[in-house]
Amino acid sequence: DGGITQSPKYLFRKEGQNVTLSCEQNLNHDAMYWYRQDPGQGLRLIYYSQIVNDFQKGDIAEGYSVSREKKESFPLTVTSAQKNPTAFYLCASRDQASSGNTIYFGEGSWLTVV
Amino acid sequence: GIQVEQSPPDLILQEGANSTLRCNFSDSVNNLQWFHQNPWGQLINLFYIPSGTKQNGRLSATTVATERYSLLYISSSQTTDSGVYFCAVGNSGYALNFGKGTSLLVTP
Numbered sequence: 009d010g011g012i013t014q015s016p017k018y019l020f021r022k023e024g025q026n027v028t029l030s031c032e033q034n035l036n037h038d039a040m041y042w043y044r045q046d047p048g049q050g051l052r053l054i055y056y057s058q059i060v061n062d063f064q065k066g067d068i069a070e071g072y073s074v075s076r077e078k079k080e081s082f083p084l085t086v087t088s089a090q091k092n093p094t095a096f097y098l099c100a101s102r103d104q105a106s107s108g109n110t111i112y113f114g115e116g117s118w119l120t121v122v
Numbered sequence: 010g011i012q013v014e015q016s017p018p019d020l021i022l023q024e025g026a027n028s029t030l031r032c033n034f035s036d037s038v039n040n041l042q043w044f045h046q047n048p049w050g051q052l053i054n055l056f057y058i059p060s061g062t063k064q065n066g067r068l069s070a071t072t073v074a075t076e077r078y079s080l081l082y083i084s085s086s087q088t089t090d091s092g093v094y095f096c097a098v099g100n101s102g103y104a105l106n107f108g109k110g111t112s113l114l115v116t117p
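In order, the protein sequence lines correspond to chains P and D.
Residues 9 to 122 (my numbering) are what the first sequence spells out, left to right.
Residues 10 to 117 (my numbering) are what the second sequence spells out, left to right.
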């Protein structure tokens, strides 16, 4: 099956700990994105990557880090510097070479700080 | 960044009713998409529609790029249409900016 796989689906973190959310896609898409969603809110961009070994900060990058060592993988680390990390995290990818320009999302990861 | 405003924020319909959701944006765009987020959080792409009109079953969408708005029409609504509808816009080489969504509840 082609698509975007995020793991874990649910994650609990103690304050002061770093945690890494996985995002893997087998769509052969060049661009990948991480968004954060808070209850009742829209999605806000954390980081994006348009090509391997390159990524850019989005609107709310503070307290987060990413890497893009492989085309199919774009993991997000939520560091202890992120003051309010409890949220729903969504990974997405887009085939910039296609005329459709459509963005596709994974099923999301729920992160709760306890 | 480009500002996106969606209206109404909340909508309750009885099954079978029709509805129109609106998305206004603050700058010219070459990418506009409508998404449906189901109760489990999954975002499904409904339309890629930077301009013009498209239809898919009971759903249709129209974007008037020169006036910076897009409309999503839902006809003969069903309970499975419930969820949050997002409009997202962008320009080449960057990610999409999302509105805050319209939360739709369709009752039997």
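Think of the CB as a built atom: it goes at the ideal place given N, C-alpha and C, for glycine as much as any other residue.
None of these values were measured; they are calculated from a predicted model.
For chain D, is any of its Cβ atoms less than 7 Å away from the one on residue i?
i	result
residue 6 of chain P	What the structure shows of chain P is the stretch from 9 to 122, and residue 6 of chain P is not part of that stretch, so it cannot be assessed.
residue 109 of chain P	yes
residue 50 of chain P	yes
residue 18 of chain P	no
residue 56 of chain P	yes
residue 29 of chain P	no
Can you find a C-beta in chain P that's less than 7 Å from the C-beta of residue i?
i	result
residue 51 of chain D	yes
residue 57 of chain D	yes
residue 63 of chain D	no
residue 110 of chain D	yes
residue 34 of chain D	no
residue 27 of chain D	no
residue 47 of chain D	no
Taking its Cβ as the centre, do 16 or more other Cβ atoms sit within 10 Å of residue i, making it buried, or is it exposed?
i	result
residue 2 of chain D	Any property of residue 2 of chain D remains undetermined from this structure, which presents chain D solely from 10 to 117.
residue 114 of chain D	exposed
residue 50 of chain P	buried
residue 122 of chain P	exposed
residue 42 of chain P	buried
residue 18 of chain P	exposed
residue 8 of chain P	Outside the shown range of chain P (9 to 122) lies residue 8 of chain P, about which nothing can therefore be said.
Give the interface partners of residue i over in chain D, defined as CB-CB distance under 7 Å, in chain order.
i	result
residue 103 of chain P	Correct list: empty, because the minimum Cβ distance to chain D is about 12 Å.
Using a Cβ cut-off of 8 Å, pull out every chain D residue sitting near residue i, in sequence order please.
i	result
residue 96 of chain P	50
List the endpoints of the continuous beta strand (DSSP E) containing residue i.
i	result
residue 58 of chain D	Premise fails: residue 58 of chain D is in no beta strand (DSSP E) and is neither H nor E.
residue 13 of chain D	13-16
residue 99 of chain D	92-99
residue 55 of chain P	51-59
Determine the chain P residues that contact residue i at a beta-carbon separation under 7 Å, and present them in chain order.
i	result
residue 105 of chain D	111
At a CB-CB cut-off below 9 Å, which residues of chain P make contact with residue i?
i	result
residue 54 of chain D	110, 111, 112, 113
Residues of chain P with CB under 8 Å from residue i, in chain order?
i	result
residue 40 of chain D	109
residue 10 of chain D	67
Inside the region 23-55 of chain D only - beta strand (DSSP E) runs reaching at least 3 residues:
If we require 3 residues or more, the beta strand (DSSP E) runs fully inside the region 23-55 of chain D come out as 28-34, 40-46.
Hey, which unbroken runs of the beta strand (DSSP E) at 3 residues or more fall wholly within the region 63-91 of chain P?
For the region 63-91 of chain P, the continuous beta strand (DSSP E) assignments of 3+ residues that do not extend past its boundaries occur at 72-74, 84-86, in sequence order.
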